[in-house]
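Residue 76 in the numbering used here is what sits at position 72 of the sequence shown, and the numbering runs on without skipping anything. Cβ coordinates follow ideal geometry from the N, Cα and C atoms, glycine included.
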Amino acid sequence: MTKSLYATMKALPGHREKVASLLTALAENVRAEPGCVRFVVYTLEHEPDLFHVEESYRDEAAFKAHMGTEHGRVFNKAIETLVEGGASKVVFLKEVA
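Shown next as structure tokens:
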């Protein structure tokens, strides 16, 4: 069964472009993972400092593999001083229909 989630993060003042750049690089790496089905980065139309990332992986094993990647570790470390709370907020989703 597909593993889906969304993650949000709000760039601290003056750091929006750096966060966008880090997310762009992360997206390229994640999309190359064999178990990645979807990885799309958005900003909110009326709040461009708030980033919304939609992710889906083939299954739980693919998600676990994603969580163990070096590029993910590097990204999470890099945003510690760039986003509110030092990390993204993750919400796991369950498909209904």
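Comparing alpha-carbon positions, which option in the options lies nearest residue i?
{"i": "R77", "options": "L27, S60 and K98", "result": "L27"}
{"i": "G89", "options": "H19, L9, M5 and M13", "result": "M13"}
{"i": "K68", "options": "E49, E37, K93 and F55", "result": "E37"}
In whole angstroms, give me the CA-to-CA distance for residue i and residue j.
{"i": "Y46", "j": "A31", "result": "11 angstroms"}
{"i": "E99", "j": "T73", "result": "25 angstroms"}
{"i": "H70", "j": "V95", "result": "16 angstroms"}
{"i": "R42", "j": "E59", "result": "5 angstroms"}
{"i": "N80", "j": "V87", "result": "10 angstroms"}
{"i": "V23", "j": "R35", "result": "18 angstroms"}
{"i": "R20", "j": "D63", "result": "32 angstroms"}
{"i": "E51", "j": "V57", "result": "14 angstroms"}
{"i": "H75", "j": "A82", "result": "10 angstroms"}
{"i": "F55", "j": "L48", "result": "7 angstroms"}
{"i": "A101", "j": "M5", "result": "13 angstroms"}
When you compare the CB positions of residue i and residue j, do they come within less than 7 angstroms of one another, or not?
{"i": "G39", "j": "A11", "result": "no"}
{"i": "A15", "j": "D53", "result": "yes"}
{"i": "L97", "j": "S25", "result": "no"}
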